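K.L.:
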Amino acid sequence: MFQSKIEALIESALTKLGVPEKVEFKVDASPRKEFGDFASNAAIPLARKLARNPLDIAQQIVKLIETADQGNTFSKIEVVKPGFINCFIKDDLVQGSIREIITQDQRWGMGYGGKGERILLEFVSANPTGPLHVGHGRWAVIGDCIGRLLKAAGFKVETEFYVNNIGNQVEKLWESVEAARAGKPTPENGYGGAYIKDVKGGNKEEVIDHILTEQKETLGKLGVHFDRFFNESELHKKGEVKEAILRLEKNHKTIIEEGAIWFKSQEMGDDKNRVLVRADGNSTYFAADLAYHLDKFSRGFDLLINIWGTDHHGYVKRLKAAVEAMGLPADKLEIIIGQLVTLYRGNEPVRMSKRTGEMVSLLEVIDETGANATRFFFAATDVNSHLDFDLELAKKKSSDNPVYYLQYGHARICSILSKDPELATRDTRLATDLSGLTEPVERELMMKLLAWPRLVEDAARLRHPHRLTEYGKELAIVFHKFYEQCRVLGNPARLTLVDASRITLRNVLELLGITAPESM
RNA sequence: GGGCCCGUAGCUCAGUUGGAUAGAGCAACGGAUUUCUAAUCCGUAGGUCGGAGGUUCGAUCCCUCUCGGGCCCGCCA
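Counting with my numbering, you get residues 1007 to 1526 for the letters of the first sequence.
Set out below in structure tokens:
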């Protein structure tokens, strides 16, 4: 909230300085206490553009800010070394802002920047050929958290799981099941997992249905629920596969060679052309996926987001090319590529291929470490980085898992509040005089709380759920520090601050899909 | 051979479109509890940001090269 205000003040200062073109500048929380609450580099890029001394320009900007603000916001604004502008927010303004948290409660941190635009978020989309593995778990958690983030940022989000319920893989699955039941060896390129001989269902459709149901149950244990499961067979039924190919043909993007119909993706930057319809007359998975995206676009979303593993990254270029070739807006298709998970048992890596027998399922991981810890672990790192998940370590150190640190903070808060004999209502909280919150650690806690809305906004924009875990850890640290130093009971202002901490920490956990216990 | 991602403390990882003295957790070591929850807190130690050049006021971040690891390059999905 302060950040936006400072940005606006600088923006208008730049206008008054007669800056012709837009200058990119930042307003960040200051890295160190001596540098105040917020710092901006605005004068530095500007100085470069105008070939002038950044310190002089910074002084001019500060003068304009001070004139415009009339002493309402800042206790001090200073210019230092290379040309940074350091802003110190007035204490009473910080204190008063805490009321905003109490007022907004569940809505605290939620914004309207998304303007209600509709986003379709597709993730997991595992083949219905076996249990989900840890890799799926990562996409499930990341996708679910991104969905929560985007909703919090003001978008309308629908989540979807694409089910490849027809095609070669499910045929191979059924062949493998039949072979296992007949006591025969697994067919070539078939599925050899232990679950194959136990899977229920008298025919292919029933088998797929059972496997899908188990996948849903596993996701449910993780707290991940999809708005829709979309069957590939629907696309064929509705003729959308033919429609997709027709669109490409109309736009002269296809070619017939060796009896197959190809998409001329090469002329759009792909390495080679891609088959849409095989020589035997069957369409490829690629053709169906084009139809799927045609279908998605036809449903009127403002943005489509897919989350894929890096093993599909080579597929991005051709899909985008095809979307464009169908006359659809490829810039409204965003594909997030995540790196894979390697599972370890001690120092031994565990293979995760569904086609070899050896694998540890996502369900086993959840059962061993718990849904909360599993979610935290998967959400806590950038999806661009590989994730090494050591089961032994996760089990052994479960009580040291940071998730407990956050939850403990929440439980501790609830315990304190429950001991307050006043049983304060929201109205009495809002009426509380907060001017006594002057300890450095109190101010630190308040500033951390007030950083929450911007954090949600940034995390949503960047699709970075791990910022939630980072922030949660930071908030918990400051709160515990505050608790050690400040006696709360009997102090209405501090009780209000603790309540604001409760609201914020709960909202963090909510966006992570992790429970916020009232006692531990 | 070509493409994408990663390399930051002993370990696991943050580091926001290039910013000020590179951070946190775990592990190690030393302290704090008749207390509102010790699943906590305080302190110490730990780094040529894989390496070498370049771009500039300034580089963990951008460019080139290089080393190491992961993934991909099907008329499979």
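Beta carbons: idealized from backbone N, C-alpha and C, even for Gly.
Predicted, not measured: the structure shown is a model, and the values here were computed from it.
#1: I'd like the list of long-range same chain contacts for residue 1397, defined as Cβ closer than 6 Å, with 5 residues on each side in sequence excluded.
#2: For residue 1285, which three-state DSSP category applies?
#3: When DSSP builds the beta bridges, which residues end up paired with residue 1046?
#4: What is the DSSP secondary structure of residue 1178, counted as helix, strand or coil?
#5: Tell me where the alpha helix (DSSP H) around residue 1069 begins and ends.
#6: Whose CA, out of 1205, 1220 and 1287, lies closest to the CA of residue 1263?
#7: What residue range does the alpha helix (DSSP H) around residue 1236 cover?
#8: Kindly confirm or deny that the region 1175-1190 and the region 1120-1136 touch, where touching means at least three C-beta pairs closer than 8 Å.
#9: Could you pull out every unbroken beta strand (DSSP E) segment of at least 3 residues lying fully inside the region 1399-1480, listed in chain order?
#10: Mind reading off the beta-carbon distance from residue 1278 to residue 1269? Whole number of angstroms is fine, and I expect it under 8 Å.
#11: Check whether the Cβ atoms of residue 1115 and residue 1160 sit closer than 8 Å, and answer yes or no.
#12: What number of angstroms, rounded off, separates the C-alpha of residue 1524 from the C-alpha of residue 1413?
#13: Go ahead and label residue 1526 buried or exposed: buried means 16 or more other beta carbons lie within 10 angstroms of its beta carbon, across all protein chains shown.
#14: Between which residues of its own chain and residue 1239 is the CB-CB distance below 6 Å, once the five residues before and five after are set aside?
#15: Determine the direct distance from the alpha carbon of residue 1099 to that of residue 1297, and round the result to whole angstroms.
#16: How would you call residue 1452, buried or exposed, if buried means at least 16 neighbouring beta carbons within 10 angstroms?
#17: Taking the DSSP output, what are the residues bridged to residue 1350?
#18: Kindly indicate the opening and closing residues of the beta strand (DSSP E) around residue 1304.
#19: Just to confirm my understanding: we take residue 1275, look at its own chain, exclude 5 residues before and 5 after, and list those with CB closer than 8 Å. What are they?
#20: Note down the Cα distance separating residue 1092 from residue 1008, rounded to an integer number of angstroms.
#21: I'd like the span of the alpha helix (DSSP H) that includes residue 1374, first residue to last.
#22: Assuming residue 1187 and residue 1203 form a contact by the criterion Cβ under 8 Å, report the distance between their Cβ atoms to the nearest whole angstrom.
#23: Which residues share a DSSP beta bridge with residue 1203?
#24: Would you call residue 1302 buried or exposed, if buried means 16 or more other Cβ atoms sit within 10 Å of its Cβ?
#25: When the Cα atoms are used, what is the spatial distance from residue 1127 to residue 1442?
#26: Do residue 1368 and residue 1216 have their C-beta atoms within less than 8 Å of each other?
#27: Going by beta carbon distance, what residues of the same chain come within less than 6 Å of residue 1122, once the five residues before and after it are set aside?
#28: Could you pull out every residue in the same chain whose Cβ sits closer than 7 Å to the Cβ of residue 1183, ignoring the five residues on either side in sequence?
#29: Given a cut-off of 8 Å on the beta-carbon distance, is the pair residue 1411 and residue 1479 in contact?
#30: Restricting to Cα atoms, I'd like to know which of 1195, 1437 and 1509 is closest to residue 1456.
#31: Please return the same chain residues whose Cβ sits closer than 6 Å to the Cβ of residue 1407, not counting the five positions on each side in sequence.
#32: Give the C-beta separation of residue 1064 and residue 1024 to the nearest angstrom, bearing in mind that I take them to be a contact with Cβ-Cβ under 8 Å.
#33: My output table needs one value for residue 1493: the three-state DSSP class, helix, strand or coil.
#34: Check whether the region 1141-1155 and the region 1330-1348 touch, using three or more Cβ-Cβ pairs below 8 Å as the test.
#35: For residue 985, collect the residues of the same chain with a Cβ closer than 7 Å to its Cβ; drop the 5 residues on either side in sequence, then sort them by chain order.
#36: Go through its chain and collect everything with a Cβ distance to residue 1506's Cβ below 7 Å, but skip five positions before and after it.
P.N.:
Short version:
#1: The residues 1351, in chain order, have a CB closer than 6 Å to that of residue 1397 in the same chain once the five nearest residues on each side in sequence are set aside.
#2: In this structure, residue 1285 counts as coil in the three-state DSSP scheme.
#3: Bridge partners of residue 1046: 1033 and 1091.
#4: In this structure, residue 1178 counts as helix in the three-state DSSP scheme.
#5: Following the DSSP letters along the chain, one finds residue 1069 inside the alpha helix (DSSP H) bounded by residues 1060-1075.
#6: Considering only alpha carbons, the answer is 1287.
#7: It is not in any alpha helix (DSSP H) - residue 1236 instead sits in the beta strand (DSSP E) that spans 1234-1237.
#8: Output reads yes: the region 1120-1136 touches the region 1175-1190.
#9: Listed in chain order, there is nothing to give.
#10: By a beta-carbon distance limit of 8 Å, residue 1278 does not contact residue 1269. Their separation comes to about 10 Å.
#11: Going by C-beta atoms, residue 1115 is not nearer than 8 Å to residue 1160.
#12: Inter-residue distance for residue 1524 and residue 1413 is about 9 Å (C-alpha atoms, whole angstroms).
#13: Classification for residue 1526: exposed.
#14: Closer than 6 Å at Cβ, skipping near neighbours: 1171 and 1172.
#15: In a straight line, the C-alpha of residue 1297 is about 55 Å away from that of residue 1099.
#16: Taking a 10 Å sphere around the C-beta of residue 1452, we find 16 or more other C-beta atoms and assign the residue as buried.
#17: Paired residue(s): 1355 and 1396.
#18: Premise fails: residue 1304 lies in the alpha helix (DSSP H), 1291-1304, not in any beta strand (DSSP E).
#19: Counting only Cβ-Cβ distances below 8 Å, and skipping sequence neighbours, we find 1323 and 1327.
#20: If I take the Cα positions, the gap works out to 13 Å.
#21: Run containing residue 1374: 1368-1375, per the alpha helix (DSSP H) assignment.
#22: Indeed they touch by this definition, with Cβ atoms about 7 Å apart.
#23: Residue 1203 is not bridged by DSSP to any residue.
#24: The C-beta of residue 1302 has 16 or more other C-beta atoms within 10 Å across all chains shown, which makes the residue buried.
#25: Residue 1127 and residue 1442 have their C-alpha atoms some 46 Å from each other.
#26: For the pair residue 1368 and residue 1216, the CB atoms are not nearer than the 8 Å cut-off.
#27: Here the set comprises 1162.
#28: Apart from sequence neighbours up to five positions away, the residues of its chain that approach residue 1183 with a beta-carbon distance below 7 Å are 1202, 1205 and 1213, ordered along the chain.
#29: Yes, they are a contact pair.
#30: Ranking the options by Cα distance to residue 1456, first place goes to 1509.
#31: The answer, listed in chain order, is 1379.
#32: Actually they are not in contact, since the Cβ atoms of residue 1064 and residue 1024 sit about 16 Å apart, beyond 8 Å.
#33: Collapsing the DSSP output to three states places residue 1493 in coil.
#34: Taking 8 Å as the limit for Cβ pairs, the verdict is that the region 1330-1348 does touch the region 1141-1155.
#35: Look at the range of the chain in this structure, 1007 to 1526, and you will see that residue 985 is not part of it.
#36: Taking C-beta separations shorter than 7 Å and ignoring five residues to either side along the sequence, the partners of residue 1506 in its chain run 1104, 1107, 1108 and 1455, following chain order.
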